[in-house]
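Number of protein chains: 2
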Amino acid sequence: MTDTPTTHVVFLLFSGITQLDFTAPAQALSRMPGAVIAGVAAALDPIPTDSGFAIVPTHDFASAPQADILCVPGGHGVADALGDTATIDFIARQSENALWVTSVCTGAFLLGRAGLLAGKRATTHWAYTHLLPLVGAEPVKGRVVEDGNVVTSGGVTSGLDFALTLIARLRGDAVAQAIQLAIEYDPAPPFPGGHPDRAPKAITAGLKEHVYDAAAARMEAALSSA
Amino acid sequence: MTDTPTTHVVFLLFSGITQLDFTAPAQALSRMPGAVIAGVAAALDPIPTDSGFAIVPTHDFASAPQADILCVPGGHGVADALGDTATIDFIARQSENALWVTSVCTGAFLLGRAGLLAGKRATTHWAYTHLLPLVGAEPVKGRVVEDGNVVTSGGVTSGLDFALTLIARLRGDAVAQAIQLAIEYDPAPPFPGGHPDRAPKAITAGLKEHVYDAAAARMEAALSSA
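The listed protein sequences derive, respectively, from chains A and B. Numbering-wise (UniProt numbering), the first sequence opens with residue 1 and increments by one. Numbering-wise (UniProt numbering), the second sequence opens with residue 1 and increments by one.
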C-alpha cells in the first residue's frame, strides 16, 4: 500500500460568510483520506456567520498552514472583505503554492480581487455572474467550473458538488462515491427551481427585486473601487 | 399585511456532531421570515464537530428559548449523548411545547431515547434504520418522514430537504422556493449513488465493512443500555 498523502485544505473565514459555502465542502473534504481542514481568519475570535451562530477559526493568517487546496467561500461579507488588504494578501500569498485555488458562491470575487481569475473561465452565485468580467473572468454556465487549477462553483449549495468533484480528482471516483454515500447525498429538493433557468419567473423576479439587485449593486461598487 | 410570526428554531449541539446535520438546515431556516436560530448545548464552550472546526453555542440548556421547532442533529457523538441525562432531559422538556419535533440523521435516536418516537413512523441515516425499532419507531423509507408533528430525515445532507419542506409548511411554497433559489439548491451530484438503493454494491459493502457495521453496533449497544 502507498501512504495517503496529507492534503491541507484551507478555507477562508470572514465576518458575514454564508456558512454553508464553507460547512458543506468542509463536511465532504474532512472525510477525504489524508485531508486536514483549516478555517483561517484574520484573528482567532469566533466568526459571526449569516445563520445566527459563530464558527471558531483554527488558525489566523500568520499561523495558517500552506494550502494544498485553498477555498474561498462567499457571503454578504464579501463586499467588505474585498477592501481588506490583509485578506486579499493572504489569498494571493496562499495561492502561489496551492495545488488548487477554489471558491464557492461569491468567494469568486475575492479570488478575482487577488488577481487569480484574470482570463479564467469561472462561475459564482447566479445573481452575480454578470459581474465576473469586472475581475477579468469569463462567466461560464456550470455548477462547478474548472480552468487549470482554478475551480469555481455556483451559489451556496454547489459547494458539495464542488467538493465531491475535487475528491474524485484527488483520490479517485470510489473514494468520492463512498463519501457521497456516507453523507447520503441523494438530494430530493422539494421544488424543481433551484436555479433561475428552472425556477418560476415570479420567484426569481421577487428575489432580485427584494435582495439581489441591491446586493449585486453593492458588490459592483466594491469591485469598482480601488 | 399580517405580522410575520417569530419562530424559534432550537438545534441541539453536542461534541461529535456531524456539523452539516445542523449547518445545512440552519442555512435554509435562518432565511425563513421570522426565524430565530439557536444552537444550544450543555455549556457555552465551543463544540468540536466532526469536520475539524468548532461551533459556538448561542445558549446553554438553562438559557435556551422555548423551541417552536426543535431539531436534533446526528453524528458519531450521538452514542455518548444517549447516556447523558441532561441532554435527554433537555430534549424531552423542549418537546413538550414545541410545535415541531425534528431530527436529521442519527439525531432520531436522541429523540427516541427521550420517548418521542414511540409508535411513530420515522427515518434516519441508511446505515442505522434497522435500529429504529429499539426506540419504538417504525422505519419508513423516505428522505423526509412526517408523523404528526414529528419530522425525521435521512442521513446528513437530507437536512436541507427537510428544512425546505418545513419552510413550505410554515410559510408557504413561494417562501420555500425563494430560499431554495437563493441558496441555489439545484443539486448536481457527481455520482448517482447517494443511497444504497442506487450506489454500486461494492461501495456500500466497503463502507459498511470499514465504518458502519462497527458504528451501528456501537449505537445498538448504547440504545440497549439503560
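All C-beta atoms, glycine included, are put in the ideal place defined by N, C-alpha and C.
What's the gap between the Cα of residue i and the Cα of residue j?
i      : j      : result
F14/B  : D45/B  : 10 Å
E220/A : P196/A : 21 Å
I183/A : I17/A  : 23 Å
L181/B : S224/B : 43 Å
Q94/B  : A176/A : 38 Å
S153/B : L131/A : 38 Å
L134/B : G206/B : 26 Å
P190/A : A62/A  : 44 Å
A215/A : A127/A : 9 Å
G172/B : Y185/B : 18 Å
Q66/A  : A92/A  : 12 Å
H199/A : A64/B  : In the sequence as displayed, the identity of residue 199/A is Ala instead of His. Rounded to whole angstroms, A199/A to A64/B spans 37 Å at the Cα level.
A103/B : A188/A : In the sequence as displayed, the identity of residue 103/B is Ser instead of Ala. One C-alpha to the other measures close to 17 Å.
D21/A  : T124/A : 11 Å
D84/A  : T165/B : 39 Å
A137/B : G112/B : 8 Å
C116/B : D89/B  : Before going on, a small fix: residue 116/B reads as Leu here, not Cys. Going by the C-alpha atoms only, they are around 12 Å apart.
G39/B  : T129/B : 26 Å
A174/A : E96/B  : 45 Å
L110/B : I47/B  : 18 Å
When DSSP labels each residue in this structure, what does residue i get in the three-state scheme?
i             : result
V72/B         : strand
I88/A         : helix
W126/B        : helix
T4/B          : coil
A182/A        : helix
R31/A         : coil
H195/A        : coil
A109/B        : The residue asked about is misnamed: residue 109/B is Phe in this sequence, not Ala. It is helical.
D45/A         : coil
L82/A         : coil
G148/B        : coil
residue 228/B : Summary: the structure shown does not reach residue 228/B, with chain B confined to residues 1 through 226, and so no result is reported for it.
P25/A         : helix
G52/B         : coil
R171/A        : helix
L207/B        : helix
A38/A         : strand
L12/A         : strand
S225/B        : coil
T102/A        : strand
S153/A        : strand
R143/B        : coil
Counting C-beta neighbours from all protein chains within 10 Å, is the total for residue i 16 or more, i.e. buried, or is it exposed?
i      : result
K120/A : buried
E209/A : exposed
A118/A : exposed
P192/A : exposed
G77/A  : buried
A202/B : exposed
A217/A : exposed
A178/B : buried
A163/A : buried
G74/B  : buried
Find out if the Cβ-Cβ distance for the pair residue i, residue j is shorter than 7 Å.
i      : j      : result
A81/A  : D60/A  : no
A35/B  : V9/B   : yes
V151/B : G107/B : no
G148/B : C105/B : no
T6/B   : P33/B  : no
A24/A  : L160/A : yes
V145/B : A122/B : yes
A79/A  : A222/A : yes
In chain order, what residues of the same chain have a beta carbon less than 7 Å from the beta carbon of residue i, not counting five sequence neighbours either side?
i      : result
Q19/B  : T49, D50, S51, I55
T204/B : P196
V140/A : R121, A122, T123
A86/A  : A42, F61
Y212/B : A127
Only counting the same chain, and skipping five residues up and downstream in sequence, which positions put a Cβ closer than 8 Å to that of residue i?
i      : result
I37/B  : V9, F11, A26, L29, S30, T58
G194/B : T157
Starting from the C-beta of residue i, find all residues in its chain whose C-beta is less than 6 Å away, skip the five residues before and the five after it, and write them out in chain order.
i      : result
S158/B : R143
F53/A  : none
I69/B  : V9, W100
A98/B  : A67, L70
Should residue i be counted as a contact of the ligand ZN given a C-beta to heavy atom distance under 6 Å?
i     : result
V40/A : The model depicted lacks the ligand ZN and carries no ligand whatsoever.
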